[in-house]
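Colleague:
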Amino acid sequence: MTASVTQRIDLAPTRSCNPELAAGPWAFDSQPGYGPGASQADPMPSPVTHPGQLPQAYREMSSDQLHDRIRRAKAILAERLVILGHFYQRDEVVQHADFLGDSYQLAKAALSKPEAEHIVFCGVHFMAETADILSAADQQVILPNLAAGCSMADMADEDSVETAWEEICEVYGVDPHHVTPGPDGKLPILPVTYMNSSAALKAFCGQHGGIVCTSSNASAVLEWAFERAHRVLFFPDQHLGRNTAKAMGVPLEQMPLWNPRRPLGGNNPADLQEAKVLLWHGFCSVHKRFNVRQIAKARAEHPGCRVIVHPESPMPVVDAADAAGSTDAIRKYVAASSPGDVIAIGTEINLVNRLAAEYPDRTIFCLDPVICPCSTMYRIHPGYLAWVLEELVEGRTPNQISVSADVAQPARVALDRMLAAVPR
Ligand code: SF4
Numbered sequence: 001m002t003a004s005v006t007q008r009i010d011l012a013p014t015r016s017c018n019p020e021l022a023a024g025p026w027a028f029d030s031q032p033g034y035g036p037g038a039s040q041a042d043p044m045p046s047p048v049t050h051p052g053q054l055p056q057a058y059r060e061m062s063s064d065q066l067h068d069r070i071r072r073a074k075a076i077l078a079e080r081l082v083i084l085g086h087f088y089q090r091d092e093v094v095q096h097a098d099f100l101g102d103s104y105q106l107a108k109a110a111l112s113k114p115e116a117e118h119i120v121f122c123g124v125h126f127m128a129e130t131a132d133i134l135s136a137a138d139q140q141v142i143l144p145n146l147a148a149g150c151s152m153a154d155m156a157d158e159d160s161v162e163t164a165w166e167e168i169c170e171v172y173g174v175d176p177h178h179v180t181p182g183p184d185g186k187l188p189i190l191p192v193t194y195m196n197s198s199a200a201l202k203a204f205c206g207q208h209g210g211i212v213c214t215s216s217n218a219s220a221v222l223e224w225a226f227e228r229a230h231r232v233l234f235f236p237d238q239h240l241g242r243n244t245a246k247a248m249g250v251p252l253e254q255m256p257l258w259n260p261r262r263p264l265g266g267n268n269p270a271d272l273q274e275a276k277v278l279l280w281h282g283f284c285s286v287h288k289r290f291n292v293r294q295i296a297k298a299r300a301e302h303p304g305c306r307v308i309v310h311p312e313s314p315m316p317v318v319d320a321a322d323a324a325g326s327t328d329a330i331r332k333y334v335a336a337s338s339p340g341d342v343i344a345i346g347t348e349i350n351l352v353n354r355l356a357a358e359y360p361d362r363t364i365f366c367l368d369p370v371i372c373p374c375s376t377m378y379r380i381h382p383g384y385l386a387w388v389l390e391e392l393v394e395g396r397t398p399n400q401i402s403v404s405a406d407v408a409q410p411a412r413v414a415l416d417r418m419l420a421a422v423p424r
């Protein structure tokens with residue numbers, strides 16, 4: 001059955017999880033400071049340009065005016081500028097990006113433009129930090145709105161991870177500051193952080209023999225880790241860790257959940273001895289909304305439809321789906337489908353809507369009937385993009401994300417290990 005426009009409109013979510021999302025992001029960004037997921041010790045850019053300071057003029061411009069200004073500034077800055085856009089950004093922003101991708105692809109894109117003085121990152125804070133760490137010293141990374149963070153990244157802060165590490169190392173009888181391999185040449189434990197974490201936690205991994213992963217290369221990273229250690233501490237997303245390790249054959253009994261608010265994470269020492277993957281109690285507020293009832297409903301209403309979900313979704317959802325993969329894998333899955341196919345997708349609504357528009361001869365819809373975009377990605381609006389670009393044209397650098405050398409150096413070690421772990 002070929003999808004008609006009417007069918008696609010019928011399938012589109014009609015309710016929003018938060019009606020306030022219809023307002024401009026500046027309506028919520030009145031407090032100075034970073035959004036969620038910033039490293040605890042991050043200095044504010046100087047001179048301080050906090051989110052509430054988006055000049056009034058940019059809030060009042062029409063969409064056409066903002067796009068004209070963005071295009072004009074881009075033309076002036078030319079090769080001195082590169083704009084990176086995450087798949088979850090709204091279309092009004094994505095249309096101006098030089099590179100569109102997931103966090104893994106954008107990390108590599110940042111490396112591919114050494115001639116650009118300014119890297120404007122239309123994503124969230126941890127992505128801009130990563131771009132700063134990977135880019136050359138003379139490149140500036142700019143986050144158009146400092147409030148664009150990641151609520152999942154906030155679920156694992158440096159203090160909690162340090163405390164957990166000390167408790168875990170005590171169980172395994174090793175010095176938390178100097179974990180060494182046993183007689184078999186393997187470490188008792190090694191930390192793995194998802195890309196969605198602060199630079200400080202990436203540095204923690206670099207300092208403790210660990211590595212960063214993305215949803216594209218999580219299984220390759222876990223294989224890398226198990227070659228070097230008996231077990232891993234995986235943070236902050238429990239679902240990506242569980243789904244990936246389960247697909248590799250790790251039994252659920254060997255994947256205890258680590259709740260940072262409870263002694264020993266809520267575990268007993270015997271269970272920790274048996275553990276292969278200690279899963280931090282973190283999750284993505286967007287992907288945890290998907291459930292198996294939505295999949296059953298999609299299949300009942302569209303017999304023969306296929307379901308693909310992001311691995312940040314809960315395990316029962318991944319198990320019930322036909323496929324699971326990173327945002328890029330989801331795009332490829334849709335690209336490989338045929339006209340007339342029906343595909344239900346469990347990931348952020350901006351990407352799903354873009355795919356539906358890109359493939360009008362297929363029926364593509366989001367599993368969640370409620371519009372629930374990533375509320376932190378949403379903080380990037382064409383108004384902020386126009387503002388930062390025009391500031392750059394004037395020779396001023398607003399909202400620069402700069403990771404200090406003592407954090408950047410060990411974080412780079414963990415990121416380089418990640419870049420070497422090629423997705424399968
Ligand atoms: S979609 Fe989830 S994990 Fe991604 S940036 Fe938003 S809150 Fe963070």
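Mapping to UniProt numbering: the sequence shown position 424 is 424, numbers consecutive. From the three backbone atoms N, C-alpha and C, an ideal C-beta is built for every residue, glycine too.
1. Would you call the region 300 to 309 and the region 266 to 280 touching, i.e. three or more CB-CB distances under 8 Å?
2. What three-state label does DSSP hand Pro191 in the structure shown?
3. Does any heavy atom of ligand 1 sit closer than 8 Å to the C-beta of Thr376?
4. Span of the beta strand (DSSP E) holding Ile142?
5. In angstroms with no decimal places, state the Cα-to-Cα distance between Ala386 and Arg69.
6. Just to confirm, is the Cβ distance from Ala156 to Pro260 under 9 Å?
7. Alpha carbon to alpha carbon, how far is Val286 from Gln409? Give it in angstroms, no decimals.
8. Following a CB-centred definition, is Ala156 positioned closer than 8 Å to any heavy atom of ligand 1?
9. Quick one: measure Cβ to Cβ for Gln95 and Cys122, integer angstroms, because I've assumed they're closer than 8 Å.
10. Where do the ends of the beta strand (DSSP E) carrying Ile401 lie?
11. Given 8 Å as the limit, is there contact between the region 410 to 417 and the region 193 to 212, that is, 3 or more CB pairs closer than that?
12. Using a Cβ-Cβ cutoff of less than 7 Å, which residues in the same chain neighbour Ile9 once the five nearest sequence positions on both sides are dropped?
13. Using alpha carbons as the reference points, say which of Asp368, Asp64, Pro373 and Gly185 lies closest to Ile295.
14. For a test of your reading of the model: does the CB of Asn196 fall under 8 Å from any non-hydrogen atom of ligand 1? Yes or no.
15. Measuring CB to CB, does Trp165 end up less than 9 Å from His208?
16. Check whether the region 391 to 403 and the region 315 to 323 touch, using three or more Cβ-Cβ pairs below 8 Å as the test.
17. Can you list, in chain order, the residues of its chain with a C-beta nearer than 6 Å to that of Leu355? Leave out the 5 residues immediately preceding and following it.
18. Beta-carbon separation of Val120 and Ile142 under 9 Å?
19. Is it a yes or a no for the region 232 to 242 touching the region 182 to 198, going by three-plus beta-carbon pairs under 8 Å?
20. On the criterion of 16 or more Cβ atoms from any shown chain inside 10 Å, does Gln178 qualify as buried, or is it exposed?
21. If we require 4 or more residues per run, which alpha helix (DSSP H) segments fall completely within the region 59 to 128?
22. Return the chain-ordered list of same chain residues with a C-beta closer than 7 Å to the C-beta of Gly241, the five sequence neighbours on each side being excluded.
23. For residue 465, collect the residues of the same chain with a Cβ closer than 8 Å to its Cβ; drop the 5 residues on either side in sequence, then sort them by chain order.
24. My output table needs one value for Val48: the three-state DSSP class, helix, strand or coil.
25. Provide the residue span of the beta strand (DSSP E) that contains Ile211, from first to last.
26. Would you check if there are 3 or more beta carbon pairs closer than 8 Å linking the region 338 to 347 to the region 265 to 273?
27. For Pro144 versus Ile380, is the C-beta spacing smaller than 9 Å?
28. Based on the DSSP output, what are the partners of Thr363 in its beta bridges?
29. With a 10 Å radius around its C-beta and 16 neighbouring C-beta atoms as the bar for buried, classify Lys108 as buried or exposed.
30. From Arg262 to Cys205, what does the alpha carbon distance come to, in whole angstroms?
31. Is it right to say Gly304 is buried, meaning 16 or more other beta carbons lie within 10 angstroms of its own, or is it exposed?
32. Ala199: which of Pro251, Ala218 and Glu129 sits nearest, CA to CA?
33. Once DSSP output is grouped into helix, strand and coil, what is the label at Ser4?
34. If you measure from the CB of Met315, is any heavy atom of ligand 1 nearer than 8 Å?
35. Assuming Ala344 contacts Val307 (C-beta within less than 8 Å), just tell me the rounded distance between them.
36. Does the distance between the C-beta of Val286 and the nearest non-hydrogen atom of ligand 1 fall short of 8 Å?
Modeller: In this structure, then:
1. Counting C-beta pairs with one atom in each stretch, the region 300 to 309 and the region 266 to 280 have fewer than three that are closer than 8 Å, which means they do not touch.
2. In the sequence shown, the residue the question calls residue 191 occupies position 191. In the three-state reduction of the DSSP assignment, Pro191 falls in the strand class, which pools E and B.
3. For the purposes of this step, residue 376 is identified with residue 376 of the sequence shown, where counting begins at 1. Checking every heavy atom of ligand 1 against the Cβ of Thr376, one is found closer than 8 Å.
4. Your numbering for residue 142 matches position 142 in the sequence shown. From DSSP, the beta strand (DSSP E) with Ile142 extends over Gln140 to Ile142.
5. Within the sequence shown, residue 386 is the residue found at index 386, counting from 1. Within the sequence shown, residue 69 is the residue found at index 69, counting from 1. For Ala386 and Arg69, the distance between alpha carbons rounds to 6 Å.
6. Mapped onto the sequence shown, residue 156 falls at position 156. Mapped onto the sequence shown, residue 260 falls at position 260. A contact, by the Cβ cut-off of 9 Å.
7. Along the sequence shown, read from residue 1 onward, the residue named residue 409 stands at position 409. Along the sequence shown, read from residue 1 onward, the residue named residue 286 stands at position 286. Using only the alpha carbons, I get a separation of about 32 Å.
8. Stepping through the sequence shown from its first residue, residue 156 is reached at position 156. Every heavy atom of ligand 1 is 8 Å or more from the Cβ of Ala156, so no.
9. Within the sequence shown, numbered from 1, the residue matching residue 95 stands at position 95. Within the sequence shown, numbered from 1, the residue matching residue 122 stands at position 122. Cβ atoms of Gln95 and Cys122 stay farther apart than 8 Å, at about 11 Å.
10. Here residue 401 refers to the residue found at position 401 when the sequence shown is read from its first residue. Ile401: not part of any beta strand (DSSP E); DSSP gives it neither H nor E.
11. Result yes; three or more Cβ-Cβ pairs closer than 8 Å.
12. Taking the first residue of the sequence shown as 1, we reach residue 9 at position 9. Because Ile9 carries a pLDDT of 32, less than 50, the predicted location of this residue cannot be relied on, and no value is offered for it.
13. Locating residue 295 in the sequence shown gives position 295, where the first residue counts as 1. The option with the nearest alpha carbon to Ile295 is Asp368.
14. Here residue 196 is taken as the residue at index 196 of the sequence shown, counted from 1. Yes, ligand 1 has a heavy atom inside 8 Å of this Cβ.
15. Residue 165 sits at position 165 when you count from the first residue of the sequence shown. Residue 208 sits at position 208 when you count from the first residue of the sequence shown. A contact, by the Cβ cut-off of 9 Å.
16. Look at the beta carbons and you see the region 391 to 403 not touching the region 315 to 323: under three pairs across the two are nearer than 8 Å.
17. Here residue 355 refers to the residue found at position 355 of the sequence shown. Once the five neighbours on either side are set aside, the close Cβ partners of Leu355 are Val334 and Ile364.
18. The residue you call residue 120 lines up with position 120 of the sequence shown. The residue you call residue 142 lines up with position 142 of the sequence shown. Ile142 is positioned such that its CB atom lies closer than 9 Å to that of Val120.
19. Taking a contact to require three or more Cβ pairs closer than 8 Å, the region 232 to 242 and the region 182 to 198 qualify as touching.
20. The residue given as residue 178 occupies position 178 in the sequence shown. Looking at the sequence shown, residue 178 is not Gln but His. Classification of His178: exposed, given that the 10 Å Cβ count is below 16.
21. Entirely contained in the region 59 to 128, the alpha helix (DSSP H) runs reaching 4 residues are, in chain order, 63 to 77, 91 to 94 and 103 to 111.
22. Start at 1 with the first residue of the sequence shown, and residue 241 comes out as number 241. Within the same chain, Gly241 has close Cβ partners Phe234, Val277 and Leu279.
23. No answer is possible for residue 465: it lies beyond the span of the chain, which begins at 1 and ends at 424.
24. Residue numbering aside, residue 48 sits at position 48 when the sequence shown is read from its first letter. The predicted position of Val48 is uncertain, since its pLDDT is 48 and thus under 50; a value taken from the coordinates is nonetheless stated next. Reduced to three states, the DSSP call for Val48 is coil.
25. Locating residue 211 in the sequence shown gives position 211, counting from the first residue. First-last of the beta strand (DSSP E) with Ile211: Ile211 to Cys213.
26. At 8 Å Cβ cutoff, the stretches do not touch.
27. Within the sequence shown, numbered from 1, the residue matching residue 144 stands at position 144. Within the sequence shown, numbered from 1, the residue matching residue 380 stands at position 380. The answer is yes: Cβ separation under 9 Å.
28. In the sequence shown, the residue the question calls residue 363 occupies position 363. Looking at the DSSP output, Thr363 sits in a beta bridge with Val342.
29. Position 108 of the sequence shown, counting from 1, holds the residue named residue 108. When all chains shown are included, Lys108 counts as exposed.
30. Taking the first residue of the sequence shown as position 1, residue 262 is located at position 262. Taking the first residue of the sequence shown as position 1, residue 205 is located at position 205. The C-alpha of Arg262 lies about 22 Å from the C-alpha of Cys205.
31. Taking the first residue of the sequence shown as 1, we reach residue 304 at position 304. Exposed: under 16 other Cβ atoms inside 10 Å.
32. Taking the first residue of the sequence shown as position 1, residue 199 is located at position 199. Selected option, being the one with the closest Cα: Glu129.
33. For the purposes of this step, residue 4 is identified with residue 4 of the sequence shown, where counting begins at 1. Its pLDDT being 31, under 50, Ser4 is placed unreliably by the model, and the measurement read from it follows with that caveat. The answer is coil: DSSP assigns Ser4 none of H, G, I, E or B.
34. Position 315 of the sequence shown, counted from the start, is the residue given in the question as residue 315. Result no, Cβ not under 8 Å from ligand 1.
35. Counted from its first residue, the sequence shown places residue 344 at position 344. Counted from its first residue, the sequence shown places residue 307 at position 307. Their Cβ separation, rounded to whole angstroms, is 5 Å, which keeps Ala344 and Val307 in contact under 8 Å.
36. Taking the sequence shown and counting its residues from 1, one reaches residue 286 at position 286. For ligand 1, at least one heavy atom lies less than 8 Å from the Cβ of Val286.
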